[in-house]
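In this note's numbering, the protein residues as written are 1412 to 1570.
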């Protein structure tokens, strides 16, 4: 059990938990999404600044356990520079990883890979997944807004 806990709280997780590199807010962000895990009290809000279909800047603000906050920091770092499609694929890969499915070779998880050990602790999976679910919800809402905006202008989405 101690070995499992050592693996779970690997140095990279603790480093991200303590890091403030992506902490904060982005005034005027195109995507702002908040979420919480009512079972344990974890809360997080993400701001994403977009430029031409790519995520230019990511910031998060929240509080909770080391896993939820480290996962938020790791995700923020990994999302910057990605296209919206790449971001969605990254989130799907992380969800799969929690179920024991290895991501495609084309998907670089970066430090997020350190969270693979969380799947050994099912009660902690929701802590890690909070950030992914919040960003996924924000991306979906943004996509719906863009589609509605294009439709209102008489354009077809994707044209």
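All C-beta atoms, glycine included, are put in the ideal place defined by N, C-alpha and C. Every value quoted in this text rests on a predicted model; they were computed, and no experiment measured them.
Query, Result
"Are three or more beta carbon pairs between the stretch 1540 to 1552 and the stretch 1501 to 1521 nearer than 8 angstroms?", "yes"
"Measure the C-alpha to C-alpha separation of residue 1429 and residue 1472 and round it to an integer number of angstroms.", "13 angstroms"
"Taking C-alpha atoms, which residue in 1427, 1469 and 1487 lies nearest to residue 1478?", "1427"
"Residues bridged to residue 1519 by DSSP?", "DSSP lists no partner for residue 1519."
"Consult DSSP for residue 1433 and reduce its assignment to one of helix, strand or coil.", "coil"
"Using only the alpha-carbon positions, how far apart do residue 1419 and residue 1535 sit?", "The pLDDT assigned to residue 1419 is 47, lower than 50, so where the model puts this residue is not dependable; a value taken from the coordinates is nonetheless given after this. For residue 1419 and residue 1535, the distance between alpha carbons rounds to 10 angstroms."
"Would you report the Cα separation of residue 1487 and residue 1527, rounded to the nearest angstrom?", "17 angstroms"
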